[in-house]
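First to last, the sequence lines map onto chains A and B.
Quick note on numbering that gives the first Met the number 0: the first sequence kicks off at 0 and runs consecutively.
Quick note on numbering that gives the first Met the number 0: the second sequence kicks off at 0 and runs consecutively.
What follows is a short report on a single structure.
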Amino acid sequence: MFSPTIIIEAMINGLLTGAIYALVALGLTLVYGVLHIINFAHGATLAAAMFAVWGLNAAFGIDTYWTIPIVTPAFFVLGYVVQRFVIGPAAHGDDGNILLITLGISILIENALLAGFGSDTRSIPSDFSFAIVEAGPFLLSSARLVGAAGSLVVAILFWLLMSRTDTGKAIRAVAREKLGANLVGINVGHIYAITFGLGCAALAVAASLLMPTFYVNPRIGGAFVNIAFTVVVLGGMGSIPGAMAGGLIIGMVESLSGLLLGESLGQIGIFIIFILVLLLRPTGLFGAKA
Amino acid sequence: MLEVKGLRAGYGAVEVLRGIDISVSKGEIVAVLGANGVGKTTLNKALSGVLPVTAGRIVFDGVPLSGSSTAAVDAGLIHVPEGRKIFPNMTVLENIELGSYRRGKKNRTRNLENVFATFPRLKERTGQAAGTLSGGEQQMLAIGRGMMAEPKLLILDEPSLGLSPLLVEEMFNLVRRLNQDGLPVMLVEQNVVQSLEIASRAYIVENGTITMSGTAAEISANPELKRAYLGL
């Protein structure tokens, strides 16, 4: 029915999109793994980051990719401050409260964006959005290639941070043994905030990589968070390699089921996977056994 | 070295420590003994700043401690907790290195050699996930991690808990050796007999207060000990 070329091309395209999904899922799984909470504001933060990229481009004409060195540190600081001075103190040590607070923050962000920018869908038009690279028989979108490469770089930087630096090791220590971490002098509140900041920074990079081929409106986060959540469940809650592998798999599934079932039904494949994982392997691919 | 006066602490409305006075001098092993649930672990948590103190004073090395765990570590009061509390998902080497996260970072390489010299077993297992170690090895790891912070006083909470009799013996020998190298130790234990053998002084805790104190020999000879300990 389809020629191998088309199927392989769809798979490659799926992997490229999946790399961005992995990046979006990274922050979600990191915050879950360390703080043991679902950050309900994740999607709204992504929307805010995409608006920030769009705004920098519209106001100052900064190329989308060149917004990365601006929005990434800005969102890291934002995430740090919100966790350290809003979520942390307001939680009073109860995880249930954190859930409600992040939900509240997401409503706040989405409505602030709605008030500021209206509900219109915006994009950054450029020739690059439609540029294509010919690789043998395959036609691949340049912007998606850059996106996947960017995600890969972030993943590598992340791995280095977590495995080579004291801060990364402290994050992993706090994730599993809070009292032990406290007793070696790790400031848990500070590490929580750094983790939250890293999650937001990853979203900022994702936003910059997405904007050349995607559009933004205040509700855009929801679409990505549904997918990111599936990625996190598939990979194993809290597992960073799981988020990477899960993102690539989900991207490919979406692309292939879009090819076979039609573009509008493409996401069905994702949710079939979601249900199958929950039925057959609830801990996910890389998840720890309960 | 450590001077504790009228220390009170607890969880919520429940007061566990009801006025504790303890002191540890340079070079000593001081045993803090008591049955389960009398507040020994709570005392340790209060000393290391993990649990807020409701009243009383902790003076360490001449300086009052501010009641945060980072301040305690900065001052060199290092607490090796009950149940080890190692990082199971990380390698043995990473666990030991994190001991110097805040204090002793400059001398990390030298202190690492020191820890490996004390615990050759850990050196064989540097790349292994700490959660897969045996109970005795995990206890060594927890102590090794504590040593990395160049402690001025080491608080050991139930280091013999859950170990085989042979390993318990080894653990007490180790505590004695660490002390002979000049490290003051506050040994918090349920194992009365062996603790009193190596300690110079001891305190008996009952219901959140000190009911007996004195040299190890005095405490061992005191007929009240049996009553306090067994609740007879």
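Heads up, the beta-carbon is just placed ideally off N, CA and C, and yes, glycines get one too.
For residue i, would you say it is in contact with chain A, using Cβ-to-Cβ distances shorter than 7 angstroms as the test?
i: B/E93; result: yes
i: B/P80; result: yes
i: B/P51; result: no
i: B/L97; result: yes
i: B/T232; result: Examination of residue 232 of chain B is not possible in this model, given that chain B is present from 0 through 231 alone.
i: B/T41; result: no
i: B/S68; result: yes
Does residue i come within less than 7 angstroms of chain B when only Cβ atoms are used?
i: A/I185; result: yes
i: A/A172; result: yes
i: A/A289; result: Caution is warranted here: a pLDDT of 43 is assigned to A/A289, below 50, making its placement in the model unreliable, and the coordinate value is therefore given only provisionally. Not an interface residue.
i: A/F157; result: no
Tell me, which residues are paired with residue i by DSSP?
i: A/S140; result: A/I131
i: A/T16; result: BP columns for A/T16 are empty, so no partner.
i: A/T101; result: Looking at the DSSP assignment, A/T101 forms no beta bridge with any residue, so it has no partner.
i: B/R30; result: First, the residue type needs correcting, since residue 30 of chain B is Ala and not Arg in the sequence shown. Answer by DSSP bridge pairing, in chain order: B/L186 and B/A201.
i: B/G213; result: B/A201
i: B/E2; result: B/S22 and B/V58
i: A/D93; result: Note: A/D93 sits in no beta bridge, so no partner.
i: B/E14; result: B/G9
i: A/Y214; result: A/S122
i: B/P63; result: B/V58
i: B/E153; result: Per the sequence shown, residue 153 of chain B should be read as Leu rather than Glu. For B/L153, which the question treats as bridged, DSSP gives the partners B/I77 and B/V184.
i: B/V52; result: B/A8
i: B/T90; result: B/A128
i: B/T208; result: B/E205
Quick one: which chain A residues come within Cβ less than 8 angstroms of residue i?
i: B/K84; result: E176, L178, G179 and L182
i: B/V72; result: L182, V183 and G184
i: B/P87; result: R175 and E176
i: B/A148; result: V183 and G184
Residues of chain B with CB closer than 9 angstroms to the CB of residue i, please, in chain order.
i: A/A242; result: By Cβ distance, chain B contributes nothing, its closest Cβ being about 16 angstroms from A/A242, past 9 angstroms.
i: A/A90; result: Here the premise fails: no neighbours, minimum Cβ distance about 17 angstroms.
i: A/A169; result: L97 and Y100
Who are the neighbours of residue i on chain B, taking C-beta pairs under 7 angstroms?
i: A/D165; result: Y100
i: A/A18; result: Residues of chain B passing the Cβ test: none, with the nearest at roughly 26 angstroms.
Along chain A, which residues have their Cβ under 7 angstroms away from the Cβ of residue i?
i: B/D180; result: Neighbours of B/D180 on chain A: none; closest Cβ ~21 angstroms, over 7 angstroms.
i: B/R144; result: V183
Assuming residue i contacts residue j (C-beta within less than 8 angstroms), just tell me the rounded distance between them.
i: B/V174; j: B/L195; result: That pair is no contact at about 13 angstroms.
i: A/G220; j: A/V230; result: Actually they are not in contact, since the Cβ atoms of A/G220 and A/V230 sit about 15 angstroms apart, beyond 8 angstroms.
i: A/L55; j: A/G146; result: Contact flag wrong, Cβ pair sits at about 18 angstroms.
i: B/R83; j: B/A141; result: 4 angstroms
i: A/G235; j: A/F285; result: 4 angstroms
i: B/G98; j: B/G145; result: 6 angstroms
i: A/Y214; j: A/S122; result: 4 angstroms
i: B/L1; j: B/F59; result: 5 angstroms
i: A/F137; j: A/L98; result: Incorrect: roughly 44 angstroms between the Cβ atoms, too far for contact.
Considering only heavy atoms of the ligand PLP, does any lie closer than 6 angstroms to the CB of residue i?
i: A/S263; result: Looking for the ligand PLP in the displayed structure turns up nothing, as the structure carries no ligands at all.
List, in order along the chain, the chain A residues whose C-beta lies closer than 9 angstroms to that of residue i?
i: B/S47; result: N181 and L182
Taking one C-beta from the region 267-281 of chain A and one from the region 240-254 of chain A each time, how about it: are there three or more such pairs within less than 8 angstroms?
Three or more Cβ pairs drawn from the region 267-281 of chain A and the region 240-254 of chain A lie within less than 8 angstroms of each other, which places the two stretches in contact.
Inter-stretch contact at 8 angstroms, needing at least 3 Cβ pairs: the region 10-27 of chain A / the region 134-150 of chain A
Yes: the two stretches touch, three or more of their Cβ pairs being nearer than 8 angstroms.
Can we say the region 197-207 of chain A touches the region 95-114 of chain B, given the rule of at least three CB pairs closer than 8 angstroms?
No contact exists between the region 197-207 of chain A and the region 95-114 of chain B.
Whether or not the region 179-188 of chain A and the region 62-71 of chain A are in contact is what I'm after, with contact meaning three or more pairs of Cβ atoms, one per stretch, closer than 8 angstroms; do they touch?
No: the two stretches stay apart, fewer than three of their Cβ pairs being nearer than 8 angstroms.
Would you call the region 164-180 of chain B and the region 13-31 of chain B in contact, with 3 or more CB pairs under 8 angstroms?
Segment contact: the region 164-180 of chain B against the region 13-31 of chain B, three or more CB-CB distances shorter than 8 angstroms; contact assigned.
Are the region 190-206 of chain B and the region 59-66 of chain B touching by the rule of at least three beta carbon pairs closer than 8 angstroms?
Result no; under three Cβ-Cβ pairs closer than 8 angstroms.
At a cut of 8 angstroms, does the region 43-50 of chain B reach the region 66-83 of chain B through at least three beta carbon pairs?
By the criterion of at least three beta-carbon pairs nearer than 8 angstroms, the region 43-50 of chain B is in contact with the region 66-83 of chain B.
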